[in-house]
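Report on the following structure.
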Amino acid sequence: MAGGYRQQPGANSGETRKDGKRVAGKQKFPPPGSGGSRPNMAPRDLDSIPESVGGKEPQPAGSHIHDRYRTGTEVGKSRALVDSHAKVTGQAWYGDDVRLANEIIGKILRSPHHYAKIKSIDTSKVEALPGVLAVATGADATNTFGVLPVTKDEHAMAVEKVRHVGDLVACVAAVDEATAMEALNLFEIEWDVLDPVFDPRKGLEDQDEPIHWRGKYHVGTTNVQKRVFQEFGDRSLVDDPTASSHGKWRMEGVHHGFTEPHAVVAHWDPNGRLQLYTPQQVPHYAHRALSTVLEVPMHQINVIRTFVGGGFGGKSDPFPHEMCAAILARKAGRPVRINFTREEVYWINRGRHPSYIEVKMTADDEARISGFDIDALIDGGGFASFGHVTSYYNGVLATAPYELGSFHYTGARVWTNKPASGAMRGHGAVNTRCAVEVGLDEMAEQMQVDPIDLRLANLLPPHSRTISGFRITSNGMREALERVREGSEWDSKFRQMSLGKGIGIGCGFFISGSGLPIHWDPNRFPHATVHMQIDMDGGVTVHTGAADIGQGSTTAVAQVVSEVLALPIEMIHVRSHESDTSPVDLGSYSSRVTFMNANAAIRAALDIREKLLNAAWEMLGYHPDVLVLNDRRIYYKHDPAVGVSYLQALHKAQEDKGSLIASGAYRSPPMGGVHKGAAAGLAPAYSFSAYVAEVDVDVETGLVSCTDVWAAHDCGKALNPLAVEGQIIGSCHMGLGQVLSEKMVYGRTGHLQNPNLLEYKIPSVHEMPHVTPIIVESSDPEGPFGAKEAGEGPLLPILPAVVNAVYDAIGVRIRDLPLTPDIVWKAISSKTRSLGGIDETELPSPRLEHSPLQATLVARGAEHKVRDRRRQRSEDTSAYVNGVLFGFDPNQPLEDQVEGWKSAVEPVPEQLAELGLAGKAWLKKEQRQMRGDQ
Amino acid sequence: MLMPPFNLHHPETVEEACELASTFLANDESFDWVAGGTDLLPNYKWHINVKKHVISLANIKGIDTISMHEIGAMARLGALADSEDVHPLIASAASKVASFLIRNNATLGGNICLDTRCFWFNQSEDWRRSIDWCHKEDCGTGSDCRVIPNQNTLCVATYQGDIAPSLMVLEGLIHIIGPSGQRQVPVNEFFKLDGITRNVLESGEFVLKVTFPEGVEHRVGSYKKLRVRESWDFPEAGVASSWIVGQPSSLRIASTALESVPRYHQSEIDAIEEVFSSDLVGSLSKAIMKSIKPVNNTALPPRYRKSMVRVLTKRSLHEILGDKA
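Protein chains in written order, with the working numbering: chain A, 4 to 937; chain B, 2 to 326.
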């Protein structure tokens with residue numbers, strides 16, 4: 004006990020004076036840490052400490068490397084988000100809540116034409132209007148920008164031509180909104196109107212005037228922005244299938260429908276630095292783009308992220324109006340605010356791509372999935388945005404969770420004269436996932452097997468590799484399927500309900516953080532960095548660039564720091580609003596934030612933890628290995644009375660140093676294949692989900708209502724189960740909108756007909772089913788405390804679950820989304836006509852009689868269940884790659900085992916004739932190849 | 002979104018309101034009436050048909066009566082939906098209008114006089130400029146109709162009021178007042194083609210109240226509304242019917258949200274009278290479906306809306322006729 008000091012425990016509950024105050028020195032323990040309303044240390048919460056380190060928290064999926072840093076403080080506990088008080092009291096400051104002195108109002112002049120060249124702009128009348136303080140046009144900022152470095156194709160305002168109705172032409176700042184609006188009518192513009200393209204299928208053809216020009220990489224003279232070809236596996240397996248499904252899908256574009264319209268305030272401070280307030284998901288990209296467009300170094304710009312009223316991918320691009328505000332403010336010498344109307348929100352768009360998707364799937368005589376053949380033509384609208392990535396995601400994110408014999412994908416994204424599509428929750432994966440899951444349902448029906456058993460017998464196990472080379476780590480797919488089957492009483496409902504009532508299954512697979520940071524080499528620079536600072540008061544200030552857009556990233560960071568340091572969460576203060584103080588972060592997209600930022604935060608917190616433990620070691624004489632951190636105290640494992648308070652240890656650690664400072668970073672490990680496009684879809688972990696939906700279909704009107712959803716999502720470890728459940732329920736709502744009622748309607752003239760929240764039909768509370776969220780925890784080895792994403796993946800399965808349930812209800816497969824009543828009614832009518840004009844109420848309901856294959860599947864599923872459990876718990880660490888199910892040896896290169904095992908990223912000439920719709924983009928040559936021909 | 006400027010007037014009596022109106026008429030100054038404002042003000046925000054003056058009826062006392070035989074123009078739809086004094090059909094129709102929040106402000110008079118709607122028209126100024134305007138609000142350009150192109154004489158914007166068909170089948174009488182005095186028009190004669198004219202109100206006139214004949218309480222009615230969402234949405238089609246139980250000749254049917262005016266379907270009933278005993282519901286629903294001609298200017302396609310008239314009529318009739326059908 005040398006060097007340590009022992010505190011005298013008092014009476015049982017500590018002595019108190021008659022007036023209720025505590026008697027100094029007569030307490031059980033001295034007030035630890037911050038004291039406050041909880042003077043005594045809370046007992047250790049063993050229920051929240053894993054079994055592997057002596058607690059009682061069960062770990063069916065095995066132990067985790069972070070287990071020994073668990074203190075039972077915050078992780079795994081349902082907590083209100085730390086910023087919820089600000090929100091529910093109306094004090095959160097969103098884009099429109101920023102008010103600077105002398106602020107003036109900016110308005111944007113938008114194109115009335117779909118596609119036109121600007122011959123001239125005369126601004127003289129605008130400038131002459133009293134009250135107008137600044138006017139800007141495309142000529143004021145000619146540098147291009149874009150969210151992806153490979154496709155910088157946007158300007159602050161149109162430089163040469165406008166590309167869709169609503170495209171930015173010019174902007175004006177005036178003393179008030181009325182004056183600014185009046186000024187917009189005074190611009191005199193001469194146009195040279197061009198022929199627009201609206202149909203993405205037309206975009207594949209050569210044009211006189213393509214919407215953008217990519218120089219030597221331009222595909223012919225078409226509007227193809229990006230084309231992808233991928234082929235893996237043994238294509239001979241698809242011959243003589245036992246079952247096959249061939250579906251042609253048409254999916255309308257949908258918008259994020261976030262609550263807060265875009266709003267920005269730009270202010271050049273007295274030192275000449277730009278202070279830009281904007282609700283951004285990815286402040287860092289806006290920061291970079293502003294620097295390029297304004298020609299000001301990044302360190303002279305401070306991007307201040309306001310509270311974000313919902314993003315869902317729709318606030319992740321750098322936006323032209325942010326540039327406009329900065330340009331106007333620089334000209335006027337006063338802060339400029341630009342607020343969007345809802346219609347402007349739809350014009351800037353970046354929603355989900357309208358898509359034509361064709362899926363051919365086959366299964367062999369053992370009901371193994373021998374081939375996926377996907378063709379996706381996606382409508383990019385006027386700009387590239389995230390489209391380069393979307394073009395890949397539409398294919399590659401369908402390569403799991405099933406083991407495939409072969410995979411063939413052709414994708415193309417074309418420019419059209421419509422508002423730009425971009426990234427939206429479930430980026431690129433949602434539409435093909437729906438098509439593929441419905442195809443599985445159809446094949447199950449042909450083979451007369453249960454679609455859940457078909458899935459259970461074809462899953463990739465944990466710690467395996469997909470056909471395209473993605474590294475799967477933890478995998479809770481099987482448990483998710485089993486739990487929704489049980490929860491929904493599937494076995495007593497599927498194919499057994501009366502006409503109009505149906506039940507359906509759908510699964511999902513999504514990335515948990517993109518493995519490739521867009522702007523830099525991941526081997527040189529981390530994905531995320533977090534700084535931490537503790538001053539003498541004991542409060543922990545965490546600096547992160549993670550952008551909380553309502554998903555709870557700030558809370559997740561606070562929770563993991565709180566867990567590691569065993570401090571109450573109110574002692575953790577997360578600062579993430581300003582680029583001046585936050586480390587560079589890639590922002591909130593690709594479901595990366597919890598995975599990457601919380602990992603970085605844990606590392607920073609571990610650094611602090613070590614300093615505190617070393618200080619306690621010095622004071623107590625016990626090595627950190629035998630010291631326990633618990634609620635603002637550090638004590639000897641075998642005698643809790645021997646210990647120091649957190650503050651005492653902190654002050655010891657601060658001697659000669661002042662504040663404790665630490666920094667933590669996360670980078671993903673090297674992984675994935677080497678083929679072109681191998682990085683697309685690569686992630687350090689993947690989430691899995693399975694939903695069962697129950698629907699009521701009114702066979703006379705075609706109205707579909709979803710009544711119940713059982714939603715199981717594998718998020719690795721729920722750091723905050725309440726937040727995870729919120730994400731699952733919210734995803735259900737958003738996905739239901741896409742599958743039942745939401746669409747961006749482009750009318751006969753190519754105009755967006757419904758740019759408002761009355762006619763863009765987001766489901767109301769009446770349309771919301773009862774959702775039973777089921778959290779599956781597969782404990783990811785690299786996730787923070789085992790966690791993976793829960794923000795985007797949960798959206799995927801709801802679409803196919805509903806479409807499959809509608810089939811179960813009425814026996815009609817519909818492949819036009821959304822399933823608005825007119826679409827469903829039309830499908831019902833053609834079915835009743837084909838059955839000889841029977842009444843809708845006499846439609847036969849689909850029924851299932853199991854074939855012998857069913858028993859094969861059940862047996863294989865049971866076998867795989869044992870296999871998966873052993874692999875998940877690392878009891879079996881042998882190699883597993885996609886193909887083992889088809890008899891291949893995972894330890895040998897597959898190419899050596901079968902002749903014709905493919906791994907191709909370009910079609911061979913013989914294939915060109917048989918490619919699908921998007922595949923036709925490969926019929927054209929790039930400009931650089933054409934030069935060779937001449 | 003900035004509201005364009007206008008002068009708001011708050012008369013406190015009906016006479017004062019009429020006086021204001023006649024002054025504006027005499028001076029050739031444009032004005033609108035506003036009751037709850039849930040229809041007018043969104044259009045104003047879109048800079049649609051903005052007038053220099055707006056006369057509010059909100060401060061006039063005594064024009065919000067709610068009873069079985071009389072409903073004032075200023076009666077709020079929320080109050081109607083909750084009322085046990087009005088005919089249950091009116092309460093049911095009112096409860097299906099828009100959303101809870103809108104019903105708290107919206108009024109019966111406003112709902113009757115609802116402006117016709119069209120997705121080429123209910124758009125912002127920038128949007129309408131991009132289609133070079135349309136016939137309903139041509140901004141002096143003489144633009145063509147965008148729904149039925151190459152003509153600018155007929156406006157086919159759709160009347161999407163929920164309550165009018167119920168008033169029709171309950172034999173409602175609309176009391177109109179204006180500078181030239183008071184007059185009464187049966188609800189089924191109140192509406193007038195086309196989408197711009199909308200109804201028989203002359204300049205300066207407004208709807209004061211709706212009255213119902215003695216015995217209306219014996220009518221059993223039903224209103225069926227087609228919409229994608231159970232809240233917010235205007236009807237894509239709507240059918241109301243009523244009868245006095247056991248009196249076949251009392252059967253009345255009306256539809257809404259299909260054309261520029263709501264339709265009262267007496268002629269379809271008259272044509273079917275002789276086959277009353279056979280498949281009345283089937284033949285009537287089919288006849289009414291055939292009589293209407295929706296166009297493509299709302300959320301759902303016209304062919305579908307037309308077909309749904311049959312289903313809505315059938316369901317409405319089944320509900321009121323019960324096993325007597």
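We treat Cβ as the ideally placed atom computed from N, Cα and C, and that holds for glycine.
Grouping DSSP H, G and I as helix and E and B as strand, with all else coil, what is residue i?
i: N105(A); result: coil
i: N226(A); result: coil
i: K225(B); result: strand
i: Q124(B); result: coil
i: L109(B); result: helix
i: L463(A); result: coil
i: Q248(B); result: coil
i: A550(A); result: coil
i: N633(A); result: strand
i: P896(A); result: coil
i: Y592(A); result: coil
Can you tell which of the options has the C-alpha that lies nearest to the C-alpha of residue i?
i: A569(A); options: W350(A), H430(A) and R635(A); result: R635(A)
i: V282(B); options: L194(B), L202(B), L313(B) and K62(B); result: L313(B)
i: W252(A); options: Y349(A), A438(A) and Y97(A); result: A438(A)
i: S256(B); options: L285(B), A82(B) and V15(B); result: L285(B)
Do you know how far the Cα of residue j is from the Cα of residue i?
i: G38(A); j: G684(A); result: Residue placement at G38(A) cannot be trusted, given a pLDDT of 47 that sits under 50; the coordinates are not used to answer.
i: A603(A); j: G516(A); result: 13 Å
i: I455(A); j: G840(A); result: 34 Å
i: F235(B); j: P6(B); result: 28 Å
i: F122(B); j: A177(A); result: 29 Å
i: R436(A); j: K363(A); result: 13 Å
i: M933(A); j: G206(A); result: 19 Å
i: V827(A); j: A804(A); result: 16 Å
i: F148(A); j: E157(A); result: 5 Å
i: E909(A); j: T413(A); result: 9 Å
i: V560(A); j: D453(A); result: 42 Å
i: M480(A); j: T597(A); result: 20 Å
i: L151(A); j: K334(A); result: 29 Å
i: L209(B); j: S167(B); result: 18 Å
Please list, in chain order, all residues of the same chain as residue i whose beta carbon is under 8 Å from its beta carbon, the five residues on each side excluded.
i: D133(B); result: T142 and S144
i: V587(A); result: H287, T532 and G548
i: V186(B); result: L174, I175, I177 and V201
Please list, in chain order, all residues of the same chain as residue i whose beta carbon is under 6 Å from its beta carbon, the five residues on each side excluded.
i: M674(A); result: R474
i: G58(A); result: L49 and I52
i: A269(A); result: L279, A328, A329, A332 and V339
i: A830(A); result: V815 and I817
i: E320(B); result: S223
Taking the alpha helix (DSSP H) that residue i falls in, what are its first and last residues?
i: E185(A); result: E180 to L187
i: P323(A); result: P323 to A335
i: H346(B); result: Residue 346(B) lies beyond the residue range present for chain B, which begins at 2 and ends at 326; the question has no answer from this structure.
i: Y288(A); result: P286 to L297
i: I826(A); result: P824 to S837
Please go through the same chain and pick out, in chain order, the residues whose beta-carbon is closer than 7 Å to the beta-carbon of residue i, but skip the five residues on each side of it.
i: V222(A); result: R230, A924, K927 and E929
i: V129(A); result: V135, V138, V175, A186, L189 and F190
Between which two residues does the beta strand (DSSP E) holding residue i run?
i: R3(A); result: Residue 3(A) lies beyond the range of chain A shown here (4 to 937); nothing can be said about it.
What does residue i reach in chain E if we use C-beta pairs closer than 7 Å?
i: M184(A); result: No chain E is part of this structure, whose protein chains are labelled A and B.
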